[in-house]
Each structure stands twice: as C-alpha cells, then as structure tokens.
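Right, one structure below, let's go through it.
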Amino acid sequence: MNDSGLVEAVRELGLIAPGEGAECVPLSGGVSSDVFLIHPTGCRDLVVKRSIPRLRVREDWRAPVGRDAQEVAWLRAVRAVDPRLVPDVLAWSRKEHLFVMEFRAGVVWKQEMTEGHVDPGFAGGVGVALARIHAATAGRSELAAQFSDSSNFSALRIDPFLSFTAGRNPDVAERLRILASDLLSRKSALIWGDASPKNILIGESGPVFLDAETATIGDPAFDVAFCLTHLLLKTVWLAAYAPSLLASFIALCDAYLNAFAVDEGFGQRAANLIGALLLARVDGKSPAGYLSAEQDEIVRRRAKMILKRSDLDLATLPGFWRALA
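Following this line, the structure appears as structure tokens:
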C-alpha cells in the first residue's frame, strides 16, 4: 500500500472527510511496522501504524501481521488504567492490519538520553507507570482470556532474543532456554513486552507508551528487565553519562517496587532476564546498532557474567555492573 492508498484507507475509516486533502509523512525507526504521520487539511494530526510480515533487520525475522489486534487491545486496556499513558486508538482496520491513533506530542526518551539529558526522576515515573499497569491487570480473568495467545510474544521476543541468541552462545545456551521456558509459563499480569526508551515519550503529564505488538499475559519482570537493559546498554555506549544512567536504573527499580507488590523471586528473575537481554542485543536478531564492535564485546562479556551468577537481583546488579566498568 502506497501513501495515497494509506490515506484512502484512513478516509474509509471516517477520519478524513471526502474530498479533504492529507499529507502523509513516514516516521523513522519502524522495524516491525510502517508508521506514518498524516496531516489532514481540516482536522488534527493522526498517526497510522501498519504491521509488516518481515521485520527490517539483517536476519530473516518474521512475525504474524495480525499482531495489530493485540496492540490495539493493549492500548485500550491501558487507557482504562490511565488515559495519559497511551494514545487513543481512533479507528482500526483488521482487514488492512492497520490502526489510527491520536498524535501525542513529546520528546523520545532515548533521544533525550542520547543528548545527555539523563533524568532519574523521569525513569522513576516510568517505573511507577509500569507498576500501575501491572497492578491493575494482575489476576484479571477477562484479560487473561483476551491476551492468552502468546504467539506474537514468542515470534518477537522469545525466538529472536532468547532462542536465536542461545544458538550463537553454546556456553550459556541452556541458561537462555530455561529462561525462555520460564517466561512462557508465567501468566500473572498484562505485560507490554517492548518497554524500550525509543517507545517512550516524555509527555506533558509524564511518560507516554507506544508500540505494543508484543503485549500478552506474562511475567511483569520482563517489562522491567527490558527497560533496565536499555539503561545498562547506554552506560557502555554513553560512558560519560554512566553515573546518571545507573541512577536512573535504581530510580526505576525503586519506584516500581514501591508501587507494585512483587513475588519473592521477582528481583532475581529480572536480573537473569537483564543478562539474557543484554546478550541478545549483541547476538540476537535485533542487535543494538549504536554499539561499536568493542562495545559489543564489553556487553557480551558482562552479560555472560550476569547469566553465570545465581546471587544477583535488582538490588545488587547496579553495584555489580559498576564494579565491572
């Protein structure tokens, strides 16, 4: 579907009036979807997202295009928790695998950190927001039924991050496979599955979460670990800001744990997952392209050290990481 076809699809959904013009601008950064900003001449800006079957990475990575249904459902479920946390879904075309949402102004959190603006207070706000979603959705049978299908999570997280990485790292392969099996067995709350700084806006009222194709009922530790992994990666990439990034790691952990009553093994599971996800960002199907070859090796070595330890949790991991620098 070209740009004009996309505009017509949005028009058919009733969001652009007949005869009304609209400018369609592709937004960058989409690995698993086409994302466009549409400027209709007579109304507010719109964002359109359409799933694609093959992701834009070097490896052959494919996922079901029907994952838009899961994302729309997650956005609506989170809006029921707090409408400030996600954009409003205005229309959805199951046939075209696309949906339209409101445009939310804000600065991308990753970009802010890249430019040296590292705010542990905002990281704490992300922790609180994640905790609120998990707390509000934990143990709800209707959500468990609605999000019971974990095929998208498997295709976009388990297979490319854990299973593929295990194939490249025989020394920790069994550890990664055990973590993957454990993840799929836990079904306690609605998880986002893509809590990356590139998917979080610094909005007027706090964090705004975007991109939820991987949403499922699962282990809340995954969301926390996924976000914290990015903060640790950036201590290697942006070494000058490492102290503030580690402070952000701690702030997010503390805020989350103060807002959500986790189970006894939560901290250790999250630390184990951070080790696995760090390794996946250099040896998985979705590597962190901003790292140099030397930085890849630093991350690989540290990730394996975490995976081979059984005594680390969210409280002890920052000190362990700091000592490795």
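Each number in this note's numbering corresponds to the 1-based position in the sequence shown with 507 added. We put the beta carbon where it would ideally sit given N, CA and C, even for glycine.
Classify residue i: buried if its beta carbon has 16 or more other beta carbons within 10 angstroms, exposed otherwise.
{"i": "residue 701", "result": "buried"}
{"i": "residue 556", "result": "buried"}
{"i": "residue 664", "result": "buried"}
{"i": "residue 775", "result": "buried"}
{"i": "residue 756", "result": "buried"}
{"i": "residue 678", "result": "exposed"}
{"i": "residue 618", "result": "exposed"}
{"i": "residue 770", "result": "exposed"}
{"i": "residue 818", "result": "exposed"}
{"i": "residue 657", "result": "buried"}
{"i": "residue 765", "result": "exposed"}
{"i": "residue 578", "result": "buried"}
{"i": "residue 532", "result": "exposed"}
{"i": "residue 747", "result": "exposed"}
{"i": "residue 625", "result": "buried"}
{"i": "residue 800", "result": "exposed"}
{"i": "residue 525", "result": "exposed"}
{"i": "residue 614", "result": "exposed"}
{"i": "residue 550", "result": "exposed"}
{"i": "residue 612", "result": "exposed"}
{"i": "residue 692", "result": "exposed"}
{"i": "residue 688", "result": "exposed"}
{"i": "residue 648", "result": "exposed"}
Quick one: give me the first and last residue of the beta strand (DSSP E) that residue i is part of.
{"i": "residue 541", "result": "540-547"}
{"i": "residue 698", "result": "696-698"}
{"i": "residue 555", "result": "553-558"}
{"i": "residue 529", "result": "529-533"}
So residue i is in the alpha helix (DSSP H); what residue range does that whole segment cover?
{"i": "residue 583", "result": "575-588"}
{"i": "residue 801", "result": "800-814"}
{"i": "residue 689", "result": "680-692"}
{"i": "residue 521", "result": "Careful: residue 521 lies outside any alpha helix (DSSP H) and carries neither H nor E."}
{"i": "residue 819", "result": "Neither: residue 819 is in no alpha helix (DSSP H) and is coded neither H nor E."}
{"i": "residue 830", "result": "824-831"}
Determine, using beta carbons only, whether residue i and residue j come nearer to each other than 8 Å.
{"i": "residue 667", "j": "residue 796", "result": "no"}
{"i": "residue 640", "j": "residue 585", "result": "yes"}
{"i": "residue 543", "j": "residue 575", "result": "no"}
{"i": "residue 659", "j": "residue 603", "result": "no"}
{"i": "residue 821", "j": "residue 777", "result": "yes"}
{"i": "residue 708", "j": "residue 616", "result": "yes"}
{"i": "residue 696", "j": "residue 645", "result": "yes"}
{"i": "residue 534", "j": "residue 610", "result": "no"}
{"i": "residue 773", "j": "residue 728", "result": "yes"}
{"i": "residue 749", "j": "residue 830", "result": "no"}
{"i": "residue 527", "j": "residue 548", "result": "yes"}
{"i": "residue 798", "j": "residue 806", "result": "yes"}
{"i": "residue 559", "j": "residue 540", "result": "yes"}
{"i": "residue 520", "j": "residue 598", "result": "yes"}
{"i": "residue 731", "j": "residue 643", "result": "no"}
{"i": "residue 590", "j": "residue 751", "result": "no"}
{"i": "residue 741", "j": "residue 620", "result": "yes"}
Please confirm whether any heavy atom of the ligand MN lies closer than 7 Å to the CB of residue i.
{"i": "residue 645", "result": "Absence of the ligand MN from the depicted structure is noted, as is the absence of any ligand whatsoever, leaving it without description."}
Quick one: is residue i near chain D, going by C-beta distance under 8 Å?
{"i": "residue 802", "result": "Going by chain labels, chain D is absent from the structure shown, which holds only one protein chain."}
contact_flag[the segment 805-813, the segment 784-796] where n(CB pairs < 8 Å) is 3 or more: yes
Beta strand (DSSP E) runs contained entirely in the segment 706-791, provided each spans 3 or more residues: 707-710, 713-716 and 723-725
The segment 592-601 contacting the segment 715-722, beta-carbon criterion three pairs below 8 Å: yes
Cβ pair count under 8 Å reaching 3, the segment 765-785 against the segment 723-738: yes
Stretch-stretch touch, CB-based, cutoff 8 Å, three pairs: the segment 720-728 with the segment 650-663: yes
Ordered list of alpha helix (DSSP H) runs contained in the segment 588-673, each at least 4 residues: 616-621, 627-644 and 648-653
Validate contact between the segment 683-690 and the segment 631-648 using beta carbons, cut 8 Å, 3 pairs: no
The segment 616-635 in contact with the segment 748-766 per 3-pair CB rule at 8 Å: yes
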